Amino acid sequence: MNYQIKWRPRALKELRKLPKEIAVRIVKKVDLCKDNLWYFLEKLTDDEGYKLRIGDYRAIIDIVEEEKTIAVRIVGHRKNIYKRWL
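Numbering-wise (my numbering), the sequence shown opens with residue 1412 and increments by one.
Written out as structure tokens, the structure reads:
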């Protein structure tokens, strides 16, 4: 039940702004989701997406079941990720 990962342009842009060690942690954690998707993700209350917690950082993710795809919508620090994402 492996999923494919697709990074949306906005997520890649935000990822490039982060320090390298944090960006690497985020990429590794997203990669872990391919094999054990529902273990790491939490449903968002006001949206159809999911959040992935990576320390003080979050990734907002969409799951496309038909294509077996994890679409990373945006990444950022937890204090402002939800404001920027809306």
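Note that the Cβ used here is the ideal one computed from N, Cα and C, for glycine as well. These numbers were taken from a predicted model, which means no experiment stands behind them.
Among the options, the one whose alpha carbon lies nearest that of residue i
{"i": "ARG1464", "options": "ASP1446, LYS1494, LYS1439", "result": "LYS1439"}
{"i": "TYR1468", "options": "VAL1441, TYR1414, ASN1413, GLN1415", "result": "VAL1441"}
For residue i, the residue or residues it bridges with in DSSP
{"i": "TRP1418", "result": "VAL1483"}
Between the CA atoms of residue j and residue i - distance to the nearest angstrom
{"i": "GLU1478", "j": "ASN1491", "result": "30 Å"}
{"i": "ASP1458", "j": "LEU1452", "result": "14 Å"}
{"i": "ASN1413", "j": "ALA1434", "result": "22 Å"}
{"i": "TYR1461", "j": "ARG1427", "result": "22 Å"}
{"i": "ASN1447", "j": "GLN1415", "result": "12 Å"}
Buried versus exposed, by CB contacts within 10 Å (16 or more), residue i
{"i": "LYS1431", "result": "exposed"}
{"i": "GLY1407", "result": "One cannot answer for residue 1407 here, as it falls past the ends of the chain, which runs 1412 to 1497."}
Practice item. For the region 1472-1484 and the region 1413-1421, state whether three or more C-beta atom pairs, one from each stretch, are separated by less than 8 Å. Key: Yes: the two stretches touch, three or more of their Cβ pairs being nearer than 8 Å.
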